[in-house]
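*Asks:* Here's a structure for you.
Number of protein chains: 2
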Amino acid sequence: MTTINDIAKLAEVSRSTVSRYLNDNGYVSEDAKKRIMKVIEETGYIPSQSAKSLRTKKTGVIGVILPKISTETASRVVGGINQILQQNDYQMLLTTTSMESEKEIEFIRLLQSRNVDGILLLATNTEKPLINAIEKAALPIVALGQEFPNISSVIYPDYNATREIIAYLIQKGYQNIAFIGVGEDDPAVGIERKRGFVDTLNQHQLMINEDWIVQGDFSIDSGYDSIKEIWNKNNKKPDAVFAVTDQIAVGAMQFLKEQQLQIPKDIAVAATGASRLSQFIEPSLTVIDFLNKEAGVIAAELLIEEITGEKAIKKIIHDYRLLKRNSV
Amino acid sequence: MTTINDIAKLAEVSRSTVSRYLNDNGYVSEDAKKRIMKVIEETGYIPSQSAKSLRTKKTGVIGVILPKISTETASRVVGGINQILQQNDYQMLLTTTSMESEKEIEFIRLLQSRNVDGILLLATNTEKPLINAIEKAALPIVALGQEFPNISSVIYPDYNATREIIAYLIQKGYQNIAFIGVGEDDPAVGIERKRGFVDTLNQHQLMINEDWIVQGDFSIDSGYDSIKEIWNKNNKKPDAVFAVTDQIAVGAMQFLKEQQLQIPKDIAVAATGASRLSQFIEPSLTVIDFLNKEAGVIAAELLIEEITGEKAIKKIIHDYRLLKRNSV
DNA sequence: CTTTTTTGTGAGATCGATTCCATGTTTTGT
DNA sequence: ACAAAACATGGAATCGATCTCACAAAAAAG
Chain L
1 MTTINDIAKL AEVSRSTVSR YLNDNGYVSE DAKKRIMKVI EETGYIPSQS
51 AKSLRTKKTG VIGVILPKIS TETASRVVGG INQILQQNDY QMLLTTTSME
101 SEKEIEFIRL LQSRNVDGIL LLATNTEKPL INAIEKAALP IVALGQEFPN
151 ISSVIYPDYN ATREIIAYLI QKGYQNIAFI GVGEDDPAVG IERKRGFVDT
201 LNQHQLMINE DWIVQGDFSI DSGYDSIKEI WNKNNKKPDA VFAVTDQIAV
251 GAMQFLKEQQ LQIPKDIAVA ATGASRLSQF IEPSLTVIDF LNKEAGVIAA
301 ELLIEEITGE KAIKKIIHDY RLLKRNSV
Chain V
1 MTTINDIAKL AEVSRSTVSR YLNDNGYVSE DAKKRIMKVI EETGYIPSQS
51 AKSLRTKKTG VIGVILPKIS TETASRVVGG INQILQQNDY QMLLTTTSME
101 SEKEIEFIRL LQSRNVDGIL LLATNTEKPL INAIEKAALP IVALGQEFPN
151 ISSVIYPDYN ATREIIAYLI QKGYQNIAFI GVGEDDPAVG IERKRGFVDT
201 LNQHQLMINE DWIVQGDFSI DSGYDSIKEI WNKNNKKPDA VFAVTDQIAV
251 GAMQFLKEQQ LQIPKDIAVA ATGASRLSQF IEPSLTVIDF LNKEAGVIAA
301 ELLIEEITGE KAIKKIIHDY RLLKRNSV
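Protein sequence lines correspond, in order, to chains L and V.
Numbering-wise, full-length UniProt numbering puts 116 at position 116 of the first sequence, and it's gapless, one number per residue.
Numbering-wise, full-length UniProt numbering puts 197 at position 197 of the second sequence, and it's gapless, one number per residue.
So this is what it looks like as structure tokens:
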């Protein structure tokens, strides 16, 4: 491999001059420049980032920690992050936790050892060990999707958005609304959305039927199973169901269709999350769109701000949109 | 930041001993081990990968170049890659070209400067400059989706799979089949799939109607526009349409439904690519499933093999599956 | 009881860049 | 014409690890 020393020798200048040329700082004569350029061209020399980073303490790499890459939400967010990072000449080191929360902590350490300039964390929990790991970390971290003390974060308006969509259901005349949620270790999805649901029902003096509140995970299958559970539990059936993710809703719709139920005539379905699927399934799903790509963009911008100075901790509550479609 | 020197001093041993401890090679007494362990624990020391890589010429990072992250295909492939890399303690540096082919070359250089141990290239073209860049690169590269000379690659059976699905259409009684393709700069999708289509029609002595062969890009919208173009062009309408991607097919279906056509009664639709959407759209799409995640797994395994010895260039033609569903 | 062998440790070179500083040469200002 | 400023260059330290080698002490072998 050719190094800066080889270039220096071939171009008959010193290592320092080559470095000055490469980084375009300090003085380099036209003559020397030309020679160096020529030699670099001929040898196909590529500077070693490892050596550079060792000296400068900067890698130009941002670590991204996410639960799972192969979900539409994740890939949208990553798309947004990527766009900003690329604009700012950063690269993205991607790690996925496969929903194992210990890995989030492990990766924070690992990314630090890789000397990344900052971390974007799409967290699925806010447990104490994770908080500790974040506080101990000596580099900028921005969280997306959950809120953490002492670091900047971009959070989705889980509570308010849920309130709006539930209110919309009620306004449309649905009174018996079922809820398919997820575990509470994910505060944003598991707690906030449920709180939005419960509070809105209470506000409208609607009865909350515990039999109609079930818990799935994030999968289509769990949506199917959850609504089935509701269906088999009781004689009285809901006339609407809200699912905390659109994947869950898709599974639920599958079951409902199998029961020969008309959506939304017999039962309305609404959810959070605007995947392609939610748009093209029939009937098209009424959902909350959290504009994931945008959120990724904002989070990345926040992180870069923080890397390049700006110490302020910012909490940004991201925008959302209620997409009224045909399932309600 | 604490370095190995600090640890050495605090544990009252030499730098070398700490290094031996960290890498678990050479002799370290139990006593020294204990002291080092304690100091590391107390200080929260994290070794610098930059320094390590500078010495060892290994980073434990694999570069992945892909056209676009936010497609289902890409995220499935990346999921598969990630799984294998994680198992082998590699990290993934992700770059996206946004379909700009010069960027593929740029990123090959960039990733080299980052001293990645290998590159996984999901290419969308096989132009000369790209081939040159690959040949000049002095590190293992594995391509996925397109074939390149002199490097290992995992390729999809574009030709054979297309033949099978077209044959299936014919067998089902469809004789007037339209084709929505993409540009020929993408040989795998643009040329091979078209060739499979044409050859199969010829083999069955079916007329190839040039008016029924149009070109879109990879988007849903282009599917809509393409089938519309076919529809408005001619008095005679096809009774089936094959699209080279399921996204295109979804767009086409949208148009066909708007024309009050029954799928598959009035017109059958088939495509390549088994997205979630293709499964849940109505009617569910008959497609070729290229098992993208699996392909990612195999490509990653191939690359790791190549990094750890094994010099053989392998061309692997990946498996596929014809999913017979309701759109045919 | 010597001779090997094994165990344990540290000094110092090295990887490939950046950067401070010293030194010399031009150019500019007055 | 002479001091000051600008230009140009190279030497050498440095970043934080690895790793070869030399050397000494302890254990095993003869």
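C-beta: ideal position from N, C-alpha, C; glycine also.
For a test of the three-state rule: what should DSSP assign to L/Ala270, helix, strand or coil?
*Replies:* Here L/Ala270 sits in strand by DSSP.
*Asks:* Is the segment 71–91 of chain V touching the segment 103–112 of chain V, taking contact as three or more C-beta pairs under 8 Å?
*Replies:* These segments do not touch.
*Asks:* Using a 10 Å radius around the Cβ and a threshold of 16 neighbouring Cβ atoms, would you call L/Pro129 buried or exposed?
*Replies:* The residue in question, L/Pro129, is exposed, as its Cβ has fewer than 16 Cβ neighbours within 10 Å.
*Asks:* Using CA coordinates, which residue listed in L/Phe280, L/Lys265, L/Ala188 and L/Ala270 is at the minimum distance from L/Ala252?
*Replies:* The option with the nearest alpha carbon to L/Ala252 is L/Ala270.
*Asks:* Quick check for students: name the residue ranges of the alpha helix (DSSP H) that lie wholly in the segment 190–255 of chain V, counting only runs of 4 or more.
*Replies:* With a minimum length of 4 residues, the continuous alpha helix (DSSP H) runs that stay inside the segment 190–255 of chain V are 193–203 and 220–233.
*Asks:* Is it the case that the segment 301–321 of chain V contacts the segment 152–165 of chain V, given that we only count it when at least three CB pairs across the two stretches are under 8 Å?
*Replies:* Cβ pair count under 8 Å is three or more, so yes.
*Asks:* Might you give, ordered along the chain, the residues of its own chain that have their beta carbon closer than 8 Å to the beta carbon of L/Lys228, omitting 5 neighbours on each side?
*Replies:* If we look at L/Lys228 and ignore the five residues flanking it on each side, its Cβ neighbours are Phe255.
*Asks:* Confirm, please, whether the CB-CB distance from V/Tyr45 to V/Lys33 is below 8 Å.
*Replies:* No, these two residues do not count as a Cβ contact at 8 Å.
*Asks:* Have a look at V/Gly80 and V/Ala299 and give me their C-alpha separation to the nearest angstrom.
*Replies:* Between V/Gly80 and V/Ala299, the C-alpha separation is close to 9 Å.
*Asks:* Figure out for me which residue from L/Thr200, L/Tyr168 and L/Thr245 has the closest Cα to the Cα of L/Ile180.
*Replies:* It is L/Thr245.
*Asks:* Is L/Ser219 close to chain V? Criterion is C-beta to C-beta, closer than 8 Å.
*Replies:* Not one chain V Cβ lies under 8 Å of L/Ser219.
*Asks:* Please list, in chain order, the chain L residues whose beta carbon lies closer than 7 Å to that of V/Phe280.
*Replies:* Those within 7 Å of V/Phe280 in chain L are Val250, Leu277 and Ile281.
*Asks:* One question on the structure: do V/Leu93 and L/Met92 come within less than 8 Å of each other, judged by their Cβ atoms?
*Replies:* Closer than 8 Å, so yes.
*Asks:* Please confirm whether V/Gly79 has its beta-carbon closer than 8 Å to some beta-carbon of chain L.
*Replies:* Cβ-Cβ to chain L under 8 Å: yes for V/Gly79.
*Asks:* What residues in the segment 91–125 of chain V bring their beta carbon closer than 7 Å to a beta carbon of chain L?
*Replies:* Residues Gln91, Met92, Leu93, Leu94, Thr95, Thr96, Arg109, Gln112, Ser113, Arg114 and Asn115.
*Asks:* Give every residue of the same chain whose Cβ lies closer than 6 Å to the Cβ of L/Ile84, excluding the five residues on either side of it in the sequence, and list them in chain order.
*Replies:* Counting only Cβ-Cβ distances below 6 Å, and skipping sequence neighbours, we find Val297, Ala300 and Glu301.
*Asks:* Would you verify that the beta carbon of L/Ile208 is, or is not, closer than 8 Å to some beta carbon of chain V?
*Replies:* So no, L/Ile208 is outside the interface.
*Asks:* Consult DSSP for L/Val154 and reduce its assignment to one of helix, strand or coil.
*Replies:* Reduced to three states, the DSSP call for L/Val154 is strand.
*Asks:* Between L/Gln49 and chain V, is the shortest Cβ-Cβ distance under 8 Å, so that the two count as touching?
*Replies:* Yes, contact with chain V.
*Asks:* Looking only at its chain, what residues have a beta carbon closer than 8 Å to the beta carbon of L/Ala268, apart from the 5 residues adjacent to it on each side?
*Replies:* Leu169, Lys172, Tyr174, Asp239, Ala240, Val241, Thr286, Ser327 and Val328, listed in sequence order.
*Asks:* Taking only beta-carbon positions, decide if L/Arg76 is within less than 8 Å of chain V.
*Replies:* L/Arg76 counts as touching chain V.
*Asks:* As a quick exercise: from V/Ile131, V/Ile155, V/Asp217 and V/Ile166, pick the residue whose alpha carbon is nearest that of V/Pro149.
*Replies:* Of the candidates V/Ile131, V/Ile155, V/Asp217 and V/Ile166, the one whose C-alpha sits nearest the C-alpha of V/Pro149 is V/Ile131.
*Asks:* Can you tell me which of L/Thr272, L/Glu30 and L/Ser53 puts its alpha carbon nearest to the alpha carbon of L/Ile165?
*Replies:* Considering only alpha carbons, the answer is L/Thr272.
*Asks:* With a threshold of 8 Å between beta carbons, is L/Asn160 in contact with chain V?
*Replies:* False, the Cβ-Cβ gap to chain V never drops below 8 Å.
*Asks:* Taking only beta-carbon positions, decide if V/Asn23 is within less than 8 Å of chain L.
*Replies:* Not closer than 8 Å to any Cβ of chain L, the Cβ of V/Asn23 fails to qualify, so no.
*Asks:* Report the three-state DSSP secondary structure of V/Met92 (helix, strand or coil).
*Replies:* Strand, per DSSP.
*Asks:* Please identify, using Cβ separations under 8 Å, the residues of the UniProt domain "HTH lacI-type" (2–56) of chain L that lie next to chain V, in order along the chain.
*Replies:* Cβ contacts with chain V come from Gly44, Ile46, Pro47, Ser48, Gln49, Ser50, Ala51, Ser53 and Leu54.
*Asks:* Is V/Thr308 close to chain L, meaning its C-beta is less than 8 Å from at least one C-beta of that chain?
*Replies:* No, V/Thr308 lies away from the interface with chain L (no Cβ there is under 8 Å from its Cβ).
*Asks:* Starting from V/Val142, trace the beta strand (DSSP E) both ways and give me its first and last residue.
*Replies:* From DSSP, the beta strand (DSSP E) with V/Val142 extends over Ile141 to Leu144.
*Asks:* Residues of chain L with CB under 8 Å from V/Thr59, in chain order?
*Replies:* Here the neighbours are Ser50.
*Asks:* Please report the distance separating the alpha-carbon of residue 400 of chain L from that of L/Ala243.
*Replies:* Residue 400 of chain L is absent from the model: chain L starts at 1 and stops at 328.
*Asks:* Determine the direct distance from the alpha carbon of L/Leu144 to that of L/Lys194, and round the result to whole angstroms.
*Replies:* Going from the Cα of L/Lys194 to the Cα of L/Leu144 covers about 19 Å.
*Asks:* Once you ignore the five residues that flank V/Thr95 on each side, which residues in its own chain have a CB closer than 6 Å to its CB?
*Replies:* Around V/Thr95: Ile65 and Phe107.
*Asks:* Output yes if chain V places a C-beta closer than 8 Å to the C-beta of L/Ser226; else output no.
*Replies:* So, not an interface residue.
*Asks:* Three-state secondary structure (DSSP) at L/Gly60?
*Replies:* L/Gly60 falls in the coil class under three-state DSSP.
*Asks:* Thinking just about the alpha-carbon of each residue, which of V/Ile177, V/Lys57, V/Ser222 and V/Ser153 is nearest to the one in V/Asp266?
*Replies:* Answer by Cα proximity: V/Ile177.
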